[in-house]
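Residue numbers (my numbering), protein chains in the order written: chain A, 1 to 340; chain B, 341 to 721.
The next block holds one structure in the form of structure tokens; read it before the comments.
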Amino acid sequence: MTATTTRLDAPAASAPTQLTMAGALNAALRDAMAADDRVVVYGEDVGPLGGVFRVTDGLQAQFGEDRIWDSPLAESGIIGTAVGMAMYGMRPVVEMQFDAFSYPAFEQMVSHVAKMRNRTKGRMTLPMVVRIPCAGAIGGVEHHSDSSEAYWTSTPGLTVVMPSNPADAYSMLREAIDSNDPVVFMEPKSRYWSKAALALPVITAPMDRAVVVREGTDVTLLAYGPTVRTALEAADAAEAEGLSIEVVDLRSLSPFDDETVGASVRKTSRAAVIHEAAQFGGYGAEVAARVTERNFHHLAAPVMRITGFDIPYPSPKLEEHYLPTPDRVLAALDTWEWDD
Amino acid sequence: MSLNVEHHSVRALPSEKPIRLLDNAGHAVRSAASGGFELPDLDTLLELYRRMVVARRFDVQVTALTKQGRLATYPSAYGQEACEIGAISAIEARDWFFPTYRDSIALLTRGIEPADILLSFRGDWHNGYDQYAHRCASQTTPLATQALHAVGLAHAARLRQDPIVTMTYLGDGATSEGDAHEAFNFAAVWQTPTVFLVQNNQFAISVPLARQTHAATLADKAVGYGMPGYHVDGNDVAAIYAVTRAAVDRARSGGGPTLIEGLTYRIEAHTNSDDPTRYRQARDVEHWKRRDPIERLEKYLVSEGALSEAARTEIADAAEAVAAHTRDVMTTEADLDPLELFDHVYERPRASLLEQRARLEAELADAATQAGHRNHAGAAR
Chain A
1 MTATTTRLDA
11 PAASAPTQLT
21 MAGALNAALR
31 DAMAADDRVV
41 VYGEDVGPLG
51 GVFRVTDGLQ
61 AQFGEDRIWD
71 SPLAESGIIG
81 TAVGMAMYGM
91 RPVVEMQFDA
101 FSYPAFEQMV
111 SHVAKMRNRT
121 KGRMTLPMVV
131 RIPCAGAIGG
141 VEHHSDSSEA
151 YWTSTPGLTV
161 VMPSNPADAY
171 SMLREAIDSN
181 DPVVFMEPKS
191 RYWSKAALAL
201 PVITAPMDRA
211 VVVREGTDVT
221 LLAYGPTVRT
231 ALEAADAAEA
241 EGLSIEVVDL
251 RSLSPFDDET
261 VGASVRKTSR
271 AAVIHEAAQF
281 GGYGAEVAAR
291 VTERNFHHLA
301 APVMRITGFD
311 IPYPSPKLEE
321 HYLPTPDRVL
331 AALDTWEWDD
Chain B
341 MSLNVEHHSV
351 RALPSEKPIR
361 LLDNAGHAVR
371 SAASGGFELP
381 DLDTLLELYR
391 RMVVARRFDV
401 QVTALTKQGR
411 LATYPSAYGQ
421 EACEIGAISA
431 IEARDWFFPT
441 YRDSIALLTR
451 GIEPADILLS
461 FRGDWHNGYD
471 QYAHRCASQT
481 TPLATQALHA
491 VGLAHAARLR
501 QDPIVTMTYL
511 GDGATSEGDA
521 HEAFNFAAVW
531 QTPTVFLVQN
541 NQFAISVPLA
551 RQTHAATLAD
561 KAVGYGMPGY
571 HVDGNDVAAI
581 YAVTRAAVDR
591 ARSGGGPTLI
601 EGLTYRIEAH
611 TNSDDPTRYR
621 QARDVEHWKR
631 RDPIERLEKY
641 LVSEGALSEA
651 ARTEIADAAE
661 AVAAHTRDVM
671 TTEADLDPLE
681 LFDHVYERPR
691 ASLLEQRARL
701 EAELADAATQ
711 AGHRNHAGAA
721 R
């Protein structure tokens, strides 16, 4: 998928091994903790259990309870104490367990994490990472499948990224932990078990850049996290019908890579953005607006949003009807006027 | 060191009668009401007196400047000097303080320049002092949120075996917030060296304490977290200093957090935009004015022969000098650069912010050009 290279400052890469995205994240945490003793990890069930998705598996046994520990079950407390730890000079990496469980921390995120650099004129910065397992398609019951990205991307001061594959998961998490600004690191739950052969440590494109993951000439599909796979499957199916689709993995939701996206859209002249979250006021609205503003004279059709419906996330037996599928993507592209 | 702290939870309820070392007439309290705490020595009390006098003069000056329109707002701590000054005086320069918007006089006591403290209330920027130089976090407006920062910083220091203490102030209203609960609980579970001072000034803007809590005292809450709690006369600086000092010492020696409630009263309005006549009686304010923390200590110091007329004059002059300095620095306008708005959002500038910055820069240039034309036309006439 994405081009990979070896970290220049790192020991020689290991032989490639099959890693899931959860395994790649685990390796990134392990390597970051080994490289920098200011990196501490805490949250709910991250200790002996290794996290409900096993992303922190084995880390407490390796690094001890002073480096990774189970906190009381309170998300505002986790983020608020991480603010204090970062003020002191630590680099906390905290876990929110599920999107919908991060909401108690909203005030700390918006009023402090996002604003500390600004309100102190850069004197006080918060090098912290908030890991949020996100989105749906895992058969989760109520409150386990939300897509919260737009809450964070509409907050100035936050950097928001979402990897779609194991290589990016490793590379972007290392970069997020190295960042001197707070990073909301969103992990698509449905991709935790996706696999790739990786030689660690692996470096992919910089965290703030979008990447063209499949080249095409007729349409640009803008996707991130779980919908990158959806877009690639749609592109495969379209190829058989003679439609050439380019797929851009946004990777960084805030900042937005106007350059990479603009270059693709000006080439294909048609663009659609795909996400699981509801449409109204969603992240796709920003994507459609800025792509249109910047590329209007290159566009042959309005930028389309292919998203979840404007309803609360459905129960497990109905979620298949909510999630954008490759078929729904292709059907949506058919609604454009193609004959001009 | 391990995070698995072996400790015994504290289960004793604080006394319902506030701990007091000096009564309202300025007499030393030697009964059980002292809670076993010792009256600080006269040198310490004299220094606390000096700090409170200076703080009040500053507070009165800033309220006056606000009424003159020099500040956008100012939350006064008039009447709360015993809490504000007593507690901050119990921590050391190496310790960290996490204040709220009402705690400007504690920051003054901490040694921060008036202009830097008041920069945010004047509206120049959100915060004006160097957090690291003074080991004071920014004054926080969202209630109780800063208490979690105090706990987090204390925990980080403890992991580094750095023997510092963190102190944070909260109001009575803030104890209803979820973050207060989470901060108390995290501090107790992690046994962080943190001292929580709840200044119970009996009103959250207009809402009285009875609508915030059904507990007999706010200090009672400590028991539920397994930490010591003290209900203290918040207009008795000797008691506030003695109790917070003991809590600071215990925290520094690994004894964990303490919750202290100072029972006091907000004499002034919440801010200049508040109208207290809508929710409280003038006679209640008069009642509390007769329990003034500065007068109480003054009576004691005079009775002990520790405050000469010359010393009192010298302290009043020092307070007047701070007020004059504050007037001077607050009557000059700062030169603000609108383009700085874009400088402190992210470490690395973002392309889209640079575009927006360029648009504002062009607007400013246009405005300057037009102003130049107008001046030119005016001069020609």
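Beta carbons: idealized from backbone N, C-alpha and C, even for Gly.
Does residue i get closer than 9 Å to chain A when you measure Cβ to Cβ?
i, result
"histidine 571 (chain B)", "no"
"serine 342 (chain B)", "Model confidence at serine 342 (chain B) stands at a pLDDT of 44, short of 50, so the residue's coordinates are unreliable and nothing is read from them."
"glutamine 471 (chain B)", "yes"
"aspartate 683 (chain B)", "yes"
"leucine 499 (chain B)", "yes"
"asparagine 525 (chain B)", "yes"
"tryptophan 465 (chain B)", "yes"
"glutamate 687 (chain B)", "yes"
"threonine 506 (chain B)", "yes"
"alanine 514 (chain B)", "no"
"glutamine 710 (chain B)", "no"
"glutamate 453 (chain B)", "no"
"glutamate 432 (chain B)", "no"
"glutamate 680 (chain B)", "yes"
Give a yes or no on whether the minimum CB-CB distance between residue i and chain B is below 9 Å.
i, result
"arginine 117 (chain A)", "yes"
"glycine 122 (chain A)", "yes"
"glycine 51 (chain A)", "no"
"phenylalanine 66 (chain A)", "It should be pointed out that residue 66 (chain A) corresponds to aspartate in this sequence rather than to phenylalanine. Answer yes: the Cβ-Cβ gap between aspartate 66 (chain A) and chain B drops below 9 Å somewhere."
"threonine 6 (chain A)", "Low per-residue confidence applies at threonine 6 (chain A): pLDDT is 46, beneath 50, and the placement is therefore not dependable enough to give any value."
"methionine 87 (chain A)", "yes"
"valine 93 (chain A)", "no"
"valine 273 (chain A)", "no"
"tryptophan 104 (chain A)", "Looking at the sequence shown, residue 104 (chain A) is not tryptophan but proline. Judged by the 9 Å Cβ criterion, proline 104 (chain A) is in contact with chain B."
"valine 55 (chain A)", "no"
"valine 40 (chain A)", "yes"
Taking C-beta pairs closer than 8 Å, name the residues in chain A that residue i reaches, listed in chain order.
i, result
"alanine 691 (chain B)", "Pro255, Asp258 and Glu259"
"aspartate 519 (chain B)", "Ser76, Gly77, Gly80, Glu107 and Gln108"
"glutamate 522 (chain B)", "Pro72, Ala74, Ser76, Gly77 and Gly80"
"histidine 489 (chain B)", "Gly80, Thr81, Val83, Gly84, Met87 and His112"
So which residues of chain A does residue i contact, with C-beta pairs closer than 9 Å?
i, result
"threonine 485 (chain B)", "Ser76, Gly80, Val83, Glu107, Gln108, Ser111 and His112"
"valine 529 (chain B)", "Ser71 and Pro72"
By the criterion of Cβ-Cβ separation under 7 Å, what are the contact partners of residue i in chain B?
i, result
"methionine 90 (chain A)", "Ala496"
"proline 302 (chain A)", "Those within 7 Å of proline 302 (chain A) in chain B number zero; the least Cβ separation is about 22 Å."
"aspartate 181 (chain A)", "Tyr686 and Glu687"
Roughly how far, in whole angstroms, is the beta-carbon of residue i from the beta-carbon of residue j, given that I think they are within contact range, below 8 Å?
i, j, result
"proline 72 (chain A)", "valine 394 (chain B)", "With a Cβ gap of about 41 Å, proline 72 (chain A) and valine 394 (chain B) do not count as contacting."
"valine 212 (chain A)", "valine 248 (chain A)", "6 Å"
"leucine 388 (chain B)", "valine 577 (chain B)", "5 Å"
"threonine 268 (chain A)", "aspartate 218 (chain A)", "6 Å"
"arginine 251 (chain A)", "aspartate 168 (chain A)", "6 Å"
"alanine 278 (chain A)", "glycine 308 (chain A)", "5 Å"
Under 7 Å Cβ-Cβ, which residues of chain A neighbour residue i?
i, result
"tyrosine 478 (chain B)", "Residue identity differs from the one stated: residue 478 (chain B) is serine in this sequence, not tyrosine. Going along chain A in sequence order, the residues near serine 478 (chain B) (Cβ under 7 Å) are Arg119 and Thr120."
"glycine 492 (chain B)", "Gly80, Thr81, Ala82, Val83, Gly84 and Met85"
"valine 394 (chain B)", "Simply none; closest approach about 26 Å."
"proline 482 (chain B)", "Glu107 and Ser111"
Under 9 Å, Cβ to Cβ, is there at least one residue of chain E near residue i?
i, result
"glycine 157 (chain A)", "Of the protein chains in this structure, namely A and B, none is chain E."
Quick one: which chain B residues come within Cβ less than 8 Å of residue i?
i, result
"threonine 125 (chain A)", "Glu687"
Problem - Touch test, the segment 487-503 of chain B against the segment 443-455 of chain B, Cβ-Cβ under 8 Å, three pairs minimum - result: The segment 487-503 of chain B makes no contact with the segment 443-455 of chain B; the number of CB pairs closer than 8 Å stays below 3.
Exercise for the section: Inspect the CB distances between the segment 505-512 of chain B and the segment 561-571 of chain B and report whether three or more fall short of 8 Å. Expected result: The segment 505-512 of chain B, when compared against the segment 561-571 of chain B, does not touch it at the 8 Å Cβ threshold.
Exercise for the section: Examine the Cβ distances between the segment 116-126 of chain A and the segment 517-525 of chain B and report whether three or more of them are shorter than 8 Å. Expected result: With fewer than three CB-CB distances shorter than 8 Å, the segment 116-126 of chain A does not count as touching the segment 517-525 of chain B.
Exercise for the section: Would you check if the segment 363-370 of chain B and the segment 609-623 of chain B touch, i.e. whether three or more CB-CB distances between them fall below 8 Å? Expected result: Taking 8 Å as the limit for Cβ pairs, the verdict is that the segment 363-370 of chain B does not touch the segment 609-623 of chain B.
Exercise for the section: Could you tell me whether the segment 277-293 of chain A touches the segment 301-319 of chain A, using the rule of 3 or more Cβ pairs below 8 Å? Expected result: These segments touch.
Handout entry: Three CB pairs or more closer than 8 Å across the segment 530-538 of chain B and the segment 451-465 of chain B
Key = In short, these stretches do not touch, since the Cβ pair count stays below three.
Practice task
Please confirm if the segment 99-110 of chain A is in contact with the segment 72-82 of chain A, defined as three or more CB-CB distances below 8 Å between the two stretches.
Solution key: Contact holds: three or more Cβ-Cβ distances are below 8 Å.
Handout entry: Sufficient close CB pairs (3 or more, under 8 Å) joining the segment 230-240 of chain A to the segment 52-62 of chain A
Key = Short answer: they don't touch.
Problem - Contiguous beta strand (DSSP E) assignments of at least 3 residues, all confined to the segment 561-627 of chain B - result: Taking only runs of at least 3 residues, the beta strand (DSSP E) segments lying wholly in the segment 561-627 of chain B are 569-573 and 598-603.
Exercise for the section: Decide yes or no for the touch test of the segment 129-144 of chain A against the segment 88-98 of chain A: beta carbon pairs closer than 8 Å, at least 3 of them. Expected result: Counting Cβ pairs under 8 Å, three or more are found: they touch.
Practice task
Within the segment 427-467 of chain B, note down every full alpha helix (DSSP H) run reaching 4 residues or more, in order along the chain.
Solution key: List check, alpha helix (DSSP H) in window: 444-449 and 454-462.
Exercise for the section: Would you be able to state if there are at least three C-beta pairs under 8 Å between the segment 417-431 of chain B and the segment 690-708 of chain B? Expected result: Look at the beta carbons and you see the segment 690-708 of chain B not touching the segment 417-431 of chain B: under three pairs across the two are nearer than 8 Å.
Handout entry: Meets three-Cβ-pair contact criterion under 8 Å: the segment 539-558 of chain B and the segment 594-605 of chain B
Key = Of all C-beta pairs linking the segment 539-558 of chain B to the segment 594-605 of chain B, three or more are shorter than 8 Å, placing the two stretches in contact.
Exercise for the section: Could you tell me whether the segment 393-411 of chain B touches the segment 581-600 of chain B, where touching means 3 or more Cβ pairs closer than 8 Å? Expected result: No, they do not touch.
Problem - Any 3 or more C-beta pairs closer than 8 Å across the segment 138-156 of chain A and the segment 195-210 of chain A - result: Too few Cβ pairs lie closer than 8 Å, so no.
Practice task
Mind listing, in chain order, the continuous alpha helix (DSSP H) runs of no fewer than 4 residues lying wholly within the segment 110-182 of chain A?
Solution key: Along the segment 110-182 of chain A, the alpha helix (DSSP H) occurs as fully enclosed runs of 4 or more residues at 116-119, 149-153 and 166-178, listed in sequence order.
Problem - Start-end ranges of the alpha helix (DSSP H) lying completely within the segment 509-562 of chain B, minimum 4 residues - result: Listed in chain order, they are 518-530.
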